[in-house]
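Notes for the one structure printed next.
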Amino acid sequence: MIPIRYNLRNLAVRRATTLATALGVGLVVFVLAAALMLTEGLRRTLSRSGQPDNAVVMRKGSDNELSSSIANTQVGQIASAPGVKKDADGRPLAVGDVVAVIFADLANGKGKSNIVIRGVTPEGIAFRPEVKVVEGTLPRPGTEEVMVGRKIARRFEGLDLGGELELRKNRSAKVVGVFEAGGSSYESEVWGDLDYVAGAFGREGMVSMVRVRLESPALFDGFAAAVEQDKRLGFDAMPELEFYEKASEQTAVFITAMGVIIAVFFSIGAMIGAMITMYGAVANRRSEIGVLRALGFSRTTILVSFLFESVLLSLLGGLLGIAAASTLGMVKFSMMNFQTFSEIVFAFEPTSEILISALVFGGVMGVIGGFLPAIRAARTAPIEAMRG
Amino acid sequence: MSAEATKADDGHTKPRADKPTIIRCQDLGRTFWRGKERLDVLEELDLEIPEGSFEALMGPSGSGKTTLLNIIAGLDRPTRGRIEVAGKSLGDLSEAALAKWRSQTIGFVFQHFNLIPVLTAVENVELPLLLTKVPASERKKRAQTALRVVGLEDRMDHRPQQLSGGQEQRVGIARAIVHDPKIIVADEPTGELDRQSADDVLTLLERLNREFDKTILMVTHDPAAAERASVLRKLDKGRLS
Ligand SMILES: Nc1ncnc2c1ncn2[C@@H]1O[C@H](COP(=O)(O)OP(=O)(O)OP(=O)(O)O)[C@@H](O)[C@H]1O
Ligand SMILES: [Mg+2]
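Sequences listed follow chains A and B, in order.
Going left to right, the first sequence walks through residues 8 to 395 as our numbering numbers them.
Going left to right, the second sequence walks through residues 125 to 365 as our numbering numbers them.
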């Protein structure tokens, strides 16, 4: 074996080229890691919204809360299905919200975006114990008061304590509180009174979707069978976790695909960079390689050594890339969830798994980019040692 | 290295009939092709070199000296004829076997020194031992011993660019002897050196021949260098005279 310090020192000697090449690889690793971290952030935000013992019931054929609609009068029917948990007073834990979307001005004139408006009953708020007011108060039932999620407070014009938000023409809402909800997507919503919101959007007597708490997750099948039994009602039941997973699926696939496409596209450039660098190294060290061959080092040994040097080079870049990507953990990201047409705010989530796979991807680039140069090095004839 | 054991008693190595032949070329030919143009560099060449001999090979530029040296050292293969070195018929060896044979049998000294620039003197000298089973600690010791033989014990950790040409070539010689090969081939080892450094290198080669009983084959253009060898051979137009 040719000692590793031989490769390390050669990388150090040509440090400018090494750094330039490593930065190319680092950029790719950064992009890939960032995309994966974003997907992970989205997935976590949405999965925090779901509870394992909750189930949702929607109108068949709709795949999100906005397009589903269920009559108020049918909520009781769903609540009485088997498996639904009862509270201390013997009332079933089942709630229906009205969900609508408005297009509103972003703060400091940065354009417009969507906000999800959720109309809830006091039971609806109690149904989600993770919801906590952190500033101001809860909106009083039956009024135009609303509270805003922590993540979008101050992101939109008027979404601040004491601010006003126009739901519809002449239907304004008054912000009285800011709430958090365990980091879930609820934190990107505005919550108001059920009837006031329904009235503002002409949805009186309707809810979008019904959520129930089950005695245990294992009872879901029985519950779903009972709810879906009457085909005329056209209900569709789903565990809440699955509902949120589906809600993020398309967006997650989109981000991952974008990231991977960009990374693969860039990686071609970076691999060519690594290849050019390594071809240069092989050409510069031709007589040196000849000497190694003359001394008796085998072709395979030379091949491995140069391949290894290329991998070291790209791992260096990979380390720079994941180091840069890790700092993204502090950045908040806001984007449209295409399935709910609402703005959702989430963070880059750097997991060790993501960072390691991005680094491995960088290493693989080194193997691919360095392969042909390493073959050329291995083919160097020992008589090259005799030429000056 | 087995310096003491092989020290010659008379201090001279004139070719002696009682010594077995270590290098034998029979009817050797080497042809290069440049496109359709045929170049017969070596033709019907016969050569016998006894073990322990110090031979100089001279001849005009382009006469095929390096080509012959390459073939004897197992770096290149002849187009025709037989070549037997240190008891092995080189034509019978596969490329991998030839590489292994080189690593055990031949020490190389190059005109341009050809040290690895990123490695220190002692690391350069250690290189041939990486192909042996010698353990790491022992390798370092042997490399240091070889550097002591060439008088560079105080330059062990210097990089080639921190050494003078003469010192570089002495490191090159240490590298050529560290694995105790039977034969040392040197292609114009003094070609890039001033008179004083060249003399030092030649004295060193003489010592290796006498004290360590190395067979040395040296190509040179320098008559003063050829003087130091015990046998002088001349190559002209692919033939020895
Ligand atoms: N690989 C090769 N392909 C083609 N021609 C070659 C090759 N190697 C050597 N030659 C030719 O063979 C001839 C002899 O070359 P060689 O290097 O053996 O000469 P030399 O005696 O060592 O010369 P010098 O004293 O200049 O080093 C030259 O004409 C050279 O051009
Ligand atoms: Mg020559």
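Glycine residues also receive a C-beta, built at the ideal position from the N, C-alpha and C atoms.
{"Item": "Completely contained beta strand (DSSP E) runs for the stretch 154-203 of chain B, where each covers 3 or more residues", "Value": "161-174, 178-182"}
{"Item": "Helix, strand or coil at Ser126 (chain B) [DSSP, three-state]", "Value": "Interpretation of Ser126 (chain B) is limited by its pLDDT of 42, a score under 50 that renders its predicted location unreliable; the figure taken from the coordinates is listed afterwards. Ser126 (chain B) falls in the coil class under three-state DSSP."}
{"Item": "Cβ of Arg226 (chain B) within 9 Å of any chain A Cβ", "Value": "yes"}
{"Item": "Asp281 (chain B) Cβ short of 8 Å to ligand 2 heavy atom set", "Value": "no"}
{"Item": "Residues, ordered as in the chain, of the stretch 232-260 of chain B that lie near chain A by beta-carbon distance below 8 Å", "Value": "Phe232, Phe234, Gln235, His236, Asn238, Ile240, Pro241, Val242, Leu243, Glu247, Leu251, Pro252, Leu254, Leu255"}
{"Item": "Lys306 (chain B) - DSSP class collapsed to helix/strand/coil", "Value": "coil"}
{"Item": "Ser294 (chain A) Cβ short of 8 Å to ligand 1 heavy atom set", "Value": "no"}
{"Item": "Local Cβ density within 10 Å of Ala353 (chain B), reported as buried at 16 or more and exposed below that", "Value": "buried"}
{"Item": "Proximity test, Asp311 (chain B) beta-carbon vs ligand 2 heavy atom, cut-off 8 Å", "Value": "yes"}
{"Item": "CB of Ile421 (chain A) within 9 Å of CB of Leu45 (chain A), strictly", "Value": "Here chain A covers residues 8 to 395 and nothing more, so residue 421 (chain A) does not appear."}
{"Item": "Proximity below 9 Å, CB of Gly190 (chain A) to CB of Thr307 (chain A)", "Value": "no"}
{"Item": "Lys67 (chain A) and Gly212 (chain A) closer than 9 Å at C-beta", "Value": "no"}
{"Item": "Buried or exposed by the 16-neighbour rule on C-beta atoms within 10 Å, applied to Glu247 (chain A)", "Value": "buried"}
{"Item": "Residues of the stretch 11-34 of chain A with Cβ closer than 7 Å to any Cβ of chain B, in chain order", "Value": "Tyr13, Arg16, Asn17, Val20"}
{"Item": "8 Å Cβ cut-off: residues of chain B touching Ile390 (chain A)", "Value": "Asn194, Leu199, Asp200"}
{"Item": "Span separating the alpha-carbon of Val127 (chain A) from that of Leu221 (chain A)", "Value": "20 Å"}
{"Item": "Beta carbon of Leu253 (chain B) nearer than 9 Å to that of Leu299 (chain A)", "Value": "no"}
{"Item": "Through-space distance from Gly315 (chain B) to Leu239 (chain B), alpha-carbon basis", "Value": "16 Å"}
{"Item": "Interface flag, Ala42 (chain A) vs chain B, CB-CB below 9 Å", "Value": "no"}
{"Item": "Met393 (chain A) CB to nearest heavy atom of ligand 2 below 8 Å", "Value": "yes"}
{"Item": "Candidates A:Gly328, A:Gly325, A:Phe353: closest to Met337 (chain A) by CA position", "Value": "A:Phe353"}
{"Item": "Pro347 (chain B) burial status per 10 Å Cβ neighbour count (16 or more: buried)", "Value": "exposed"}
{"Item": "Cβ pair Arg357 (chain B), Leu166 (chain B) closer than 9 Å", "Value": "no"}
{"Item": "Collapsed DSSP secondary structure at Leu276 (chain B) in the structure displayed", "Value": "coil"}
{"Item": "Other residues of its chain near Arg204 (chain B): CB distance less than 6 Å, five sequence neighbours each side excluded", "Value": "Gly153"}
{"Item": "Members of the stretch 283-315 of chain B that neighbour chain A once the beta carbon cut-off is set at 7 Å", "Value": "Asp311"}
{"Item": "The stretch 265-285 of chain B / the stretch 190-207 of chain B touching (three or more Cβ pairs under 8 Å)", "Value": "no"}
{"Item": "Val343 (chain B): CB within 8 Å of a non-hydrogen atom of ligand 1", "Value": "yes"}
{"Item": "Within chain B, the residues that Leu320 (chain A) reaches when beta carbons sit closer than 8 Å", "Value": "Those within 8 Å of Leu320 (chain A) in chain B number zero; the least Cβ separation is about 15 Å."}
{"Item": "Span of the alpha helix (DSSP H), counted from its first residue to its last, around Arg403 (chain A)", "Value": "In this structure chain A extends from 8 to 395, so residue 403 (chain A) is not present and cannot be described."}
{"Item": "Of the listed residues A:Val108, A:Ser195, A:Ala88, A:Ala107, nearest to Pro99 (chain A) (C-alpha basis)", "Value": "A:Ala88"}
{"Item": "Lys361 (chain B) Cβ short of 8 Å to ligand 2 heavy atom set", "Value": "no"}
{"Item": "Whether Glu196 (chain A) touches Gly156 (chain A) by CB criterion (9 Å)", "Value": "yes"}
{"Item": "With 16 other Cβ atoms within 10 Å as the buried cut-off, status of Arg162 (chain B)", "Value": "exposed"}
{"Item": "Minimum C-alpha distance to Lys257 (chain B) - residue among B:His303, B:His236, B:Ile173, B:Phe232", "Value": "B:His303"}
{"Item": "Closer than 8 Å at the beta carbon, the chain B residues around Glu295 (chain A)", "Value": "Asn238, Ile240, Pro241"}
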